[in-house]
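Below you'll find the structure, written out as structure tokens, and then a few comments.
There are 2 protein chains.
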Amino acid sequence: MAVKAQVLYDFTAEPGNNELTVHEGETLTITNQNVGGGWVEAQNSRGNVGLVPVDYVEVNSASAQAPATQYIDARNQGNNNSTANTQGVNGNEAWTATTWSNSYPADNWNYTEQEPAGNNGSVYSFDEEWDDDSDDGKSTGGYGGSQAEDGGTMQRSGAHSTMKLSLNKFPGFSKTPNPEVYLLTKHITKGNDRLSVYPGEVGPVWLYPQTQLDCVVADPKKGSKMYGLKSYIEYQITPNTTNRPVNHRYKHFDWLYERLVEKFACALPVPGLPDKQVTGRFEEEFIKMRMERLQGWMSRMCRHPVISNSEVFQLFLNYRDEKEWKLGKRKAEKDETVGVKIFSTIDPELPELDPAQVEQKYEVYNQFTRSMDNSVKELLAVGNLHWKRCTGPLQKEYRQIGKAFQNMSSVFNTSGYPRESTLTEALTATGKTYEEIAEVIAAQPRKDLHFLLETNNEYKGLLGCFPDTIGVHKAAIDKVKEADHLVMTNKISQQDKHTMEKNLSTMSYALQAEMNHFHSNRIYDYNRLMQFYLEEQVKFYETIAEKLKKALGQYTTI
Amino acid sequence: MAVKAQVLYDFTAEPGNNELTVHEGETLTITNQNVGGGWVEAQNSRGNVGLVPVDYVEVNSASAQAPATQYIDARNQGNNNSTANTQGVNGNEAWTATTWSNSYPADNWNYTEQEPAGNNGSVYSFDEEWDDDSDDGKSTGGYGGSQAEDGGTMQRSGAHSTMKLSLNKFPGFSKTPNPEVYLLTKHITKGNDRLSVYPGEVGPVWLYPQTQLDCVVADPKKGSKMYGLKSYIEYQITPNTTNRPVNHRYKHFDWLYERLVEKFACALPVPGLPDKQVTGRFEEEFIKMRMERLQGWMSRMCRHPVISNSEVFQLFLNYRDEKEWKLGKRKAEKDETVGVKIFSTIDPELPELDPAQVEQKYEVYNQFTRSMDNSVKELLAVGNLHWKRCTGPLQKEYRQIGKAFQNMSSVFNTSGYPRESTLTEALTATGKTYEEIAEVIAAQPRKDLHFLLETNNEYKGLLGCFPDTIGVHKAAIDKVKEADHLVMTNKISQQDKHTMEKNLSTMSYALQAEMNHFHSNRIYDYNRLMQFYLEEQVKFYETIAEKLKKALGQYTTI
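One line per chain: the protein sequences are A and B, in this order.
Sequential numbering of the first sequence, starting at 1339, is according to this note's numbering.
Sequential numbering of the second sequence, starting at 1339, is according to this note's numbering.
Rendered as structure tokens:
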């Protein structure tokens, strides 16, 4: 029996890559489910055969063969669990360690965020390379749609403005410990794994390395696998420490991102990777943009004292061979110090804060990150508008002005009047100057606005993580507030309560260190950004003035 | 019996000027028809009484008193005549001196141009001051509607792009001689009235005066009449020859214009006056604009060697008292050397051109003026668009950019982070700079585009006159082409034919002199215009660059 599948979304084939263009609602015949790498081979009604992303089709269960029926949406399962447990809390069930983890407000975790046929939760895979389509997954590009008209890229999923923290790994899954597990912990990790928080000039700060780690993402190369059936792009990453390049595909970045979220996202915002993209992903322009954004992401990770110093991050940058990489990968995936357990590695060596102080700080940070998020979005919106204006109507208008002057010159040239040439030549030059200015105006956003939007877009991603991170602290505060009641009802001891308060204080110091890190980076970034933007703007206006001056010089002095 | 009237157009009362706001379709009771000055006093259904322009109402003939029934539309009469006679020509009726005048193509004369309830042709008047509403007539303002949003002025009639040559005075009225009368004329005017055409460096040219006449239109003052019931604006005109100011109202300019059209329009384009306006005519902005345009019109008339030297123009600028003015007015109105007769005052003293040469020149001039008319209109269109862009979306956008930076600064100020102030102060300054730039951008069109549009608008008016003027020459060429046939059928003698050809040559020299005058003025005007425009544009972009540089200086160097 032939396996049939319904197309869920339009997909445009990458030329020369054995893909098949399909349209939403179309019925396909699956000709090979064992292609792997997130792809299936299918035939359309016109008899054309090619590869289609597995996420883009829904295999009819009636007709499906064994592998298709094994499709399990792990995330849906996760969601269902969570809903059930949250109801438990709302219903004032007895507070226990196992239900606590579910009391985080659902809106903080963004369960409701739409992600069509999300392959993150899918286990429709055939080998270790199941997430091969990390190169090929869902896409958004540009700043809120502004680039859609430039590249014509497909845009479907929402922006990665929240961390994957909220998805299947957390909460309720075996590997991730519940916050309670930490709040009641008395033991503090010693040794290399210990994260230091020091009293700095601006308040509690992370321990910064002597030399700041950095790396260069460069030299994207096309590779292929499956006997040349499938292609991918590999980037070269060279850290300033070893100066030895390593190669990674987008899916490796994605793996790293997953590890960092799992391990650190309770304590610090881990910004999402640049968005995925299906069509146009081999186009030069797209590769350049992705590389630039991967560079931005890596630089930010390198700048973070906790992340850059972590074993998994060091592995990513420094692995020497395939074996070391595979071993390191396995180890990282088995890391137990993840989720809220990360706080047990922190020993602030600072006076304990009482819960009221902690809550006050939480409010300040929450307010600030929300306000800044709005402000960043406002700037992105006006920036996008301005981009469109410059490359659209303004360019057109200056071209028209240039054309009108040149037409006037042409008409004057037909006068037959003997003293015409000085004026007509000057008029033509003026017209051409305005046409040049049109191009200068249209090209300008790429020179200055681009960096302004990229940086703000990065901050939008970063700020989108704070509700999750701060939410962990909020949940901890709420639990500590309940401590008296828990002591009274003998759920925990007085000693437990004190431990909870002390650990809450530690969490707060971690958050303070992180906020101070964020602030110092923010000031550095925006200072640099604004200077760059203004310098380019000055050059822009000076260039135009200079061009016009030259045109003016062509006229006879009167 | 009460006189009733229907309101034809919306009219908004000028505050404090005893006027009544009325709406199209409303029925009014005329309470005083003898107000004069183009106004009637009327009462609306709510009992409010005030003055309404007579052209804005249609008095019900059934209920009308004697003066209202005397309403005659002289222009309609003119049209009827013309249609009848043109049909005669089409029907190949015998060619006679009396029907010839009607053979000018109707589309050249623009009989069909709409002018709602045109008071120019109306004789609904009570005294010599019948055209008192020249201050108050129909309105257009600005460049093709662009200013409608600025001033909110009422805009109804078409632009004065063709000369009144085409209206009731011409052809078919007693005072205006038929072209034939000139073509068959052997006598050439001698003495002071003679207009000279010399061979200049660029071809045939008018005789230019040693010193160029110029004048300053200034100091608009509000006057009143009818015991303060009606107000008007009087302008002071000071010629550079006498340095003695004379006063004129708009209606006097209009009188002068009528005389110049009557006398010269067959030989040279007489551009229309700045448009009339009913509402808002006492507003400062409007008075300033009208004054500026009257200045432009007067300067152009002063620059014209034929017009500036004419008796009627000299009277307008130099009259010493009311008596001299009134006498001069009467004399000018009785001037017989008007219409095509003006050519009989021209003696080119240049070798006679044959009709083929004349026709070729005619084609060149016709083509050039039409092309330039299109080009001027294109420039006006893009200029208007640019004006709207600068004062509308662009200003708004730069304000938004400024606001976004300032909001960002405000948010940063709430961080509680101790090292914030340098950046927030610089960001605020940047935001304010962009707000300033928004205002600079919005103010710029008045600084440079205004003059560009005004000049092109003037040229649009001037170019709109050429079809009429050139049409006279075309008609003459056609007649001369028919000369052989006329000689054969004994309608004219061989001698007459030669006279016609010689006179056609004279007409052609007049046109050549006029075209050369036009060209030299055009080159001067556009050279000056473009220099001014570019100078202001350079300043504009330099100002912005300077402002941004200053903002940039506020950031910490990194």
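All residues carry an ideal CB built from backbone N, CA and C; glycine is no exception.
Can you look up residue i in the DSSP assignment and give me helix, strand or coil?
i: residue 1351 of chain A; result: coil
i: residue 1610 of chain B; result: coil
i: residue 1805 of chain B; result: helix
i: residue 1648 of chain B; result: coil
i: residue 1587 of chain A; result: strand
i: residue 1879 of chain B; result: helix
i: residue 1794 of chain B; result: helix
i: residue 1846 of chain B; result: helix
i: residue 1633 of chain A; result: helix
i: residue 1683 of chain B; result: helix
i: residue 1493 of chain A; result: Here the model assigns residue 1493 of chain A a pLDDT of 32, short of 50, so the residue's position is not dependable, and the following value carries that caveat. If DSSP states are grouped into helix, strand and coil, residue 1493 of chain A belongs with coil.
i: residue 1372 of chain A; result: strand
i: residue 1462 of chain B; result: Because the pLDDT at residue 1462 of chain B is just 27, under 50, the model does not fix this residue reliably, and the value given afterwards should be weighed accordingly. DSSP places residue 1462 of chain B in coil when its eight states are reduced to three.
i: residue 1548 of chain A; result: coil
i: residue 1357 of chain A; result: strand
i: residue 1343 of chain B; result: strand
i: residue 1387 of chain B; result: strand
Closer than 8 Å, CB to CB, is residue i near chain D or not?
i: residue 1774 of chain B; result: Absence of chain D from the displayed structure is noted, the protein chains being A and B.
Can you tell which of the options has the C-alpha that lies nearest to the C-alpha of residue i?
i: residue 1897 of chain A; options: A/1571, A/1601 and A/1580; result: Outside the modelled stretch of chain A, which goes from 1339 to 1896, sits residue 1897 of chain A, for which no answer is possible.
i: residue 1621 of chain B; options: B/1559, B/1388 and B/1578; result: B/1559
i: residue 1585 of chain B; options: B/1556, B/1759, B/1567 and B/1803; result: B/1556
i: residue 1881 of chain A; options: A/1797, A/1799, A/1892 and A/1774; result: A/1774
i: residue 1893 of chain A; options: B/1863, B/1822 and B/1628; result: B/1863
i: residue 1574 of chain A; options: A/1582, A/1752 and A/1568; result: A/1582
i: residue 1885 of chain A; options: A/1791, A/1771 and A/1719; result: A/1771
i: residue 1588 of chain A; options: A/1631, A/1692 and A/1688; result: A/1631
i: residue 1342 of chain A; options: A/1382, A/1667, A/1788 and A/1657; result: A/1382
i: residue 1686 of chain B; options: B/1534, B/1371 and B/1387; result: B/1534
i: residue 1907 of chain A; options: A/1623, A/1655, A/1666 and A/1626; result: Residue 1907 of chain A is absent from the model: chain A starts at 1339 and stops at 1896.
i: residue 1350 of chain A; options: A/1848, A/1567, A/1391 and A/1623; result: A/1391
i: residue 1386 of chain B; options: B/1393, B/1364, B/1547 and B/1394; result: B/1364
i: residue 1541 of chain A; options: A/1808, A/1854, A/1384 and A/1706; result: A/1854
Considering only residues of the same chain and omitting the five flanking positions on each side of residue i, which have a CB-CB separation below 8 Å?
i: residue 1362 of chain B; result: 1345, 1346, 1347 and 1348
Give every residue of the same chain whose Cβ lies closer than 7 Å to the Cβ of residue i, excluding the five residues on either side of it in the sequence, and list them in chain order.
i: residue 1782 of chain B; result: 1728 and 1878
i: residue 1717 of chain B; result: 1794
i: residue 1812 of chain A; result: 1700
Can you list, in chain order, the residues of its chain with a C-beta nearer than 6 Å to that of residue i? Leave out the 5 residues immediately preceding and following it.
i: residue 1291 of chain B; result: Residue 1291 of chain B lies beyond the range of chain B shown here (1339 to 1896); nothing can be said about it.
i: residue 1891 of chain B; result: none
i: residue 1595 of chain B; result: 1611
i: residue 1634 of chain A; result: 1796
i: residue 1838 of chain A; result: 1521, 1818 and 1821
i: residue 1463 of chain A; result: Confidence is the limiting factor: at residue 1463 of chain A the pLDDT is only 27, short of 50, which leaves the residue's position unreliable, though a coordinate-based value still follows. Correct list: empty, nothing qualifies.
i: residue 1432 of chain B; result: Because the pLDDT at residue 1432 of chain B is just 33, under 50, the model does not fix this residue reliably, and the value given afterwards should be weighed accordingly. Correct list: empty, nothing qualifies.
i: residue 1359 of chain A; result: 1350 and 1351
For the alpha helix (DSSP H) holding residue i, just list the boundary residues, first then last.
i: residue 1825 of chain B; result: 1821–1826
i: residue 1772 of chain B; result: 1759–1785
i: residue 1707 of chain B; result: 1693–1727
i: residue 1747 of chain B; result: 1733–1751
Grab the span of the beta strand (DSSP E) containing residue i for me, first residue to last.
i: residue 1541 of chain B; result: 1541–1544
i: residue 1537 of chain B; result: 1533–1538
i: residue 1666 of chain A; result: Here residue 1666 of chain A belongs to no beta strand (DSSP E); instead the alpha helix (DSSP H) covers 1660–1671.
i: residue 1380 of chain A; result: 1377–1381
i: residue 1562 of chain B; result: 1553–1563
i: residue 1575 of chain B; result: 1568–1577
| Are the region 1724–1743 of chain B and the region 1726–1743 of chain A touching, with three or more C-beta to C-beta distances below 8 Å? | A contact between stretches requires three or more CB pairs, one per stretch, nearer than 8 Å, and the region 1724–1743 of chain B meets this requirement with the region 1726–1743 of chain A.
| Is there contact here, the region 1761–1778 of chain B with the region 1826–1838 of chain B, by at least three beta-carbon pairs under 8 Å? | Verdict: no, contact absent.
| said: Taking 8 Å as the cut-off, does the region 1746–1759 of chain A touch the region 1857–1876 of chain B (at least 3 CB pairs, one atom from each stretch)? | reply: Cβ pair count under 8 Å is three or more, so yes.
| request: Check whether the region 1811–1826 of chain B touches the region 1637–1652 of chain B, counting contact only when three or more Cβ pairs, one atom from each stretch, lie closer than 8 Å. | output: No contact exists between the region 1811–1826 of chain B and the region 1637–1652 of chain B.
| said: Check whether the region 1833–1849 of chain B and the region 1732–1740 of chain A are in contact - that is, three or more C-beta pairs closer than 8 Å. | reply: As far as the Cβ criterion goes, the region 1833–1849 of chain B does not touch the region 1732–1740 of chain A, which means the pair count is below three.
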